[in-house]
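The opening residue of the sequence shown carries number 1 in full-length UniProt numbering; numbering runs sequentially from there.
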Amino acid sequence: MYKPILEIDLRKLRNNARVEKELLAKHGIEVMAVNKVFDGCVETAKAVLDGGIDVIAESRTYNLKKLKEALNCKTCLLRSPCLSEITDVVKYADISLNSERQIIQALSDEAVKQQKVHQVLLMVDMGDLREGIWFEHIDDIIDMVKLILSLPGVELYGLGTNFNCYGTVLPTVKNGVDFLHIASKVEESCNIKIKYLSAGNCTSYHLLDKGIWPEGLNHLRIGGLHEFGIEYVDMKYLDEFHHSSKPVDKACSDLYKLYAQVIELNSKPTVPVGELGVDAFLNSKTFVDSGTRKRALLAFGRQDVPAESCVPINDKITVLGQTSDHTIVDIEDVSETLNVGDMIGFELDYTALLMACQTNGVEKRFIY
């Protein structure tokens, strides 16, 4: 049975995880590996574990279940738990990100039932407007920490914050120092030492890269750095990591290649003939008349992977467009002969990788 193939290079992924772990350790920073783009893939989680990172983070509890049962590793739930899943969260996640009193209380009650200790990373919103207690509400943050310290079955893993995901707010020296000041006030009020100050995701690495990391921030939750080898703020490749040789603005990686089969070859005009409306997704389009050119029709579509996030391995191939089940590419300038049944390959960016790992319509294969 045919499916397009997603090829994942676990050797390069493992090496990137090892490099990342060592780079961050030099600055006193612990890291948990975010595996969510792979949709709970056991093989990719094992690769980063083999690279030396010992906590795997996912945003879906059902994926943590897969990883716990297969690898018995330490796990973190990246998205605040739903009240309806508290039993499974305590069972399959050692750590979870939290900001709501009711949920933390429910975690405590369930952890007592299961005779476990669940670790809480209390989130503080430093301005990006996603999860967390608003950074100006210091008293609320302190009260929540006191609650966690008072409850049985839970303990404080640390304070966390996030950047650049919803509000596009960048991690900076200022908001890093402000986060440190909040932590200091919590420690003073609660008479504790906070073990981890989790200062964001892979975009926070740019502060390290520039040599301006606020000392005292000692934890990150990272996926994109070891998955793509890109510093995402200044958009540059990091030579220590395996990464693509394509232009960095494509944001793709040769660790992940999608191969799809040619199902039709022909030469056609580059402008449709007839009165134009909208496409299957209700989008209007404009076309540039480049004459008649040779094209290939490929057996994957938008319901599998969005074509705008796929970068042809052969630089002479251009993506023209996509419908639900077909992708159309220009092959006029390709020197080698292509035939029906041949495979055309693409490197994938984060969005394409996310979708390729989510769908049942793509087969995964691994390079060990």
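Cβ coordinates follow ideal geometry from the N, Cα and C atoms, glycine included.
In the DSSP assignment, the alpha helix (DSSP H) including residue i goes from what residue to what residue?
i: residue 105; result: 101-114
i: residue 198; result: Residue 198 -> not in any alpha helix (DSSP H); beta strand (DSSP E) instead, spanning 196-198.
i: residue 16; result: 10-25
i: residue 70; result: 61-71
i: residue 150; result: 138-150
i: residue 175; result: 173-190
i: residue 87; result: 86-92
Looking at the unbroken beta strand (DSSP E) that takes in residue i, where does it start and where does it end?
i: residue 316; result: Segment: none, residue 316 is in no beta strand (DSSP E) and carries neither H nor E.
i: residue 366; result: 363-367
i: residue 345; result: 343-349
i: residue 219; result: 219-222
i: residue 44; result: Looking at the DSSP string, residue 44 is not in any beta strand (DSSP E); the run it does join, the alpha helix (DSSP H), is 42-50.
i: residue 206; result: From DSSP, residue 206 is part of no beta strand (DSSP E) but of the alpha helix (DSSP H) over 205-209.
i: residue 295; result: 292-298
i: residue 411; result: Past the boundaries of the shown model lies residue 411; the chain is included only from 1 to 368, so the question cannot be answered.
i: residue 266; result: 252-269
i: residue 123; result: 118-125
i: residue 36; result: Per DSSP, residue 36 belongs to no beta strand (DSSP E) and is neither H nor E.
i: residue 427; result: Lying before the first or after the last residue shown, residue 427 is absent from the chain, which here runs from 1 to 368.
i: residue 77; result: 74-77
i: residue 278; result: Element bounds for residue 278: n/a, residue is neither H nor E.
i: residue 329; result: 327-330
i: residue 57; result: 55-58
Within this structure, are the beta carbons of residue i and residue j separated by less than 9 Å?
i: residue 90; j: residue 69; result: no
i: residue 255; j: residue 16; result: yes
i: residue 60; j: residue 79; result: yes
i: residue 35; j: residue 72; result: no
i: residue 8; j: residue 365; result: yes
i: residue 285; j: residue 347; result: no
i: residue 222; j: residue 20; result: yes
i: residue 368; j: residue 18; result: no
i: residue 232; j: residue 121; result: no
i: residue 227; j: residue 362; result: no
i: residue 97; j: residue 257; result: no
i: residue 65; j: residue 88; result: yes
Rounded to whole angstroms, what is the Cα-Cα separation between residue i and residue j?
i: residue 217; j: residue 185; result: 15 Å
i: residue 343; j: residue 47; result: 27 Å
i: residue 189; j: residue 148; result: 14 Å
i: residue 114; j: residue 95; result: 15 Å
i: residue 282; j: residue 297; result: 21 Å
i: residue 321; j: residue 99; result: 43 Å
i: residue 310; j: residue 355; result: 11 Å
i: residue 199; j: residue 229; result: 19 Å
i: residue 58; j: residue 45; result: 10 Å
i: residue 2; j: residue 145; result: 53 Å
i: residue 50; j: residue 156; result: 27 Å
i: residue 329; j: residue 27; result: 46 Å
i: residue 40; j: residue 274; result: 46 Å
i: residue 86; j: residue 340; result: 51 Å
i: residue 351; j: residue 191; result: 44 Å
i: residue 313; j: residue 224; result: 21 Å
i: residue 264; j: residue 334; result: 16 Å
Let me check understanding here. Comparing Cα to Cα, which of the options lies closest to residue i?
i: residue 153; options: 209, 112 and 56; result: 112
i: residue 336; options: 351, 355, 348 and 315; result: 315
i: residue 133; options: 151, 114, 229 and 179; result: 179
i: residue 372; options: 97, 12, 120 and 107; result: Nothing about residue 372 can be reported from this structure: the residues present for the chain run from 1 to 368 only.
i: residue 175; options: 151, 215 and 150; result: 215
i: residue 266; options: 280, 244 and 293; result: 293
i: residue 279; options: 169, 237, 146 and 323; result: 323
i: residue 234; options: 352, 227 and 210; result: 210
i: residue 25; options: 37, 45, 53 and 302; result: 53
i: residue 32; options: 333, 206, 77 and 262; result: 77
i: residue 291; options: 277, 332, 263 and 253; result: 332
i: residue 262; options: 67, 325, 56 and 119; result: 325
i: residue 307; options: 353, 264 and 105; result: 353
For residue i, which residues of its own chain have a beta-carbon under 6 Å away from its beta-carbon, when the five flanking residues on both sides are left out?
i: residue 359; result: 304
i: residue 425; result: Residue 425 falls outside the range modelled here, since the chain spans only 1 to 368, and no answer is possible.
i: residue 271; result: 287 and 289
i: residue 251; result: 349
i: residue 103; result: 81
i: residue 169; result: 127, 128 and 163
i: residue 318; result: 330
i: residue 151; result: 108
i: residue 345; result: 257, 259 and 313
Cutting at 8 Å between CB atoms, please list the residues of its own chain near residue i, excluding the five before and the five after it.
i: residue 193; result: 187
i: residue 182; result: 124, 135, 138, 141 and 159
i: residue 23; result: 208 and 240
i: residue 369; result: The requested residue 369 does not occur in the structure, where the chain is confined to residues 1 to 368.
Apart from the five residues on each side of it in sequence, which residues of its chain come closer than 7 Å, Cβ to Cβ, to residue i?
i: residue 300; result: 4, 260 and 327
i: residue 204; result: 163, 171 and 220
i: residue 268; result: 292 and 295
i: residue 243; result: 228, 229, 230, 237 and 253
Would you please verify whether the beta carbon of residue i is less than 9 Å from any beta carbon of chain B?
i: residue 30; result: Protein chain content of the structure displayed is limited to a single chain, and chain B is not contained in it.
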